[in-house]
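The structure appears below as structure tokens.
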């Protein structure tokens, strides 16, 4: 079961290490425990020296204190290596030993999830379906929007339904935040396609609406940046695209 995943991680080892991914160590640890549980103590020892220990050394420092590697508090790779080597004394009897937590099914689930995240990441894709993310965000927003529609009068409901912006702020998790949002330091408003962030020659960024007000609606009138002495015009500002 692990062979395809181990092969993929081996082929992309350098890319995974550059991102600080713990996947190679997580997979090597699962394979090591398979050998221990099968009673292949000598084979497990050789595997630990040739594969497991190098992956642990590579992961050390990057994963210190990460709970993704273990269900215990001894989660750094070096601490894990001590536990993994200690369980050799209980080959074929690990479930009834003090090292039973090393067989926790959640470790397989964590490795599978990490493989999915890293695989999508190396391909430049999000780890979850875009459609699923939209549906989840919509379902979470529906209760608040329904309550809002019952409070507002009919004409106001039709107005905000036709708008590209919602009249209230909806909570979202970090996993649902796929795009950066610019908030103008002058107007205190979030940028929109109609009011994009604009980069001034001095390097400061304001919203288009704020720049138009500073320039009094003219494209050629010079105005001073609110945050430095540099002067510029509306035509000198460039639209800033945030991903």
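Numbering (UniProt numbering), first residue to last: 1 to 243.
We treat Cβ as the ideally placed atom computed from N, Cα and C, and that holds for glycine.
On a predicted model such as this, the values are computed, not experimentally measured, just so you know.
Residues bridged to residue i (per DSSP)
i: residue 191; result: Answer is none; residue 191 lacks a bridge partner.
i: residue 24; result: DSSP, once it has assigned bridges, lists no residue as partnering residue 24.
i: residue 247; result: In the structure as shown, the chain begins at 1 and stops at 243. Residue 247 is therefore absent and cannot be evaluated.
i: residue 147; result: In the DSSP output, where bridge partners are listed per residue, residue 147 has none listed.
i: residue 213; result: The partner list for residue 213 (beta bridge, DSSP) is empty, contrary to what the question assumes.
Backbone secondary structure at residue i - three-state DSSP
i: residue 71; result: Confidence at residue 71 is low in this model, with a pLDDT of 39, below 50, so its placement is unreliable and the value that follows should be read with caution. Looking at residue 71 - three-state DSSP - the assignment turns out to be coil, as it is neither helix nor strand.
i: residue 10; result: helix
i: residue 183; result: strand
i: residue 66; result: With a pLDDT of only 43 at residue 66, under 50, the local geometry of the prediction cannot be trusted, and no value is derived from it.
i: residue 95; result: helix
i: residue 239; result: strand
i: residue 38; result: coil
i: residue 60; result: coil
i: residue 55; result: helix
i: residue 135; result: helix
i: residue 125; result: coil
i: residue 4; result: helix
i: residue 18; result: helix
i: residue 30; result: helix
Rounded Cβ spacing between residue i and residue j (contact assumed at less than 8 Å)
i: residue 91; j: residue 41; result: 5 Å
i: residue 201; j: residue 232; result: 5 Å
i: residue 84; j: residue 102; result: 7 Å
i: residue 31; j: residue 2; result: 5 Å
i: residue 87; j: residue 46; result: Not quite, the Cβ-Cβ distance comes to about 16 Å (not below 8 Å), so this is no contact.
i: residue 185; j: residue 240; result: Between residue 240 and residue 185 the Cβ distance is about 13 Å, and since that is not below 8 Å, they are no contact.
Extent of the continuous alpha helix (DSSP H) run through residue i
i: residue 106; result: 105-122
i: residue 45; result: 41-47
Buried versus exposed call for residue i [16 or more other C-beta atoms within 10 Å across all chains shown]
i: residue 222; result: exposed
i: residue 211; result: buried
i: residue 55; result: buried
i: residue 74; result: Here residue 74 scores only 48 on pLDDT, less than 50, and its place in the model is too uncertain to base an answer on.
i: residue 234; result: buried
i: residue 22; result: buried
i: residue 51; result: buried
i: residue 104; result: exposed
i: residue 69; result: Here the model assigns residue 69 a pLDDT of 44, short of 50, so the residue's position is not dependable, and the following value carries that caveat. Residue 69 comes out buried.
i: residue 67; result: The predicted model places residue 67 with a pLDDT of 39, which falls under 50 and marks its position as unreliable, so this point remains unresolved.
i: residue 19; result: exposed
i: residue 96; result: exposed
i: residue 207; result: buried
i: residue 78; result: exposed
i: residue 194; result: exposed
i: residue 65; result: Summary for residue 65: the model assigns pLDDT 40, below 50, so the residue's position carries little reliability, and this model does not support an answer.
i: residue 216; result: exposed
Bounding residues of the beta strand (DSSP E) (the contiguous stretch that carries residue i)
i: residue 205; result: 205-207
i: residue 83; result: Unbroken run through residue 83 is the alpha helix (DSSP H), 77-86; no beta strand (DSSP E).
i: residue 199; result: 197-199
CB contact below 8 Å: residue i versus chain D
i: residue 81; result: In the displayed structure, chain D is absent; only one protein chain is listed.
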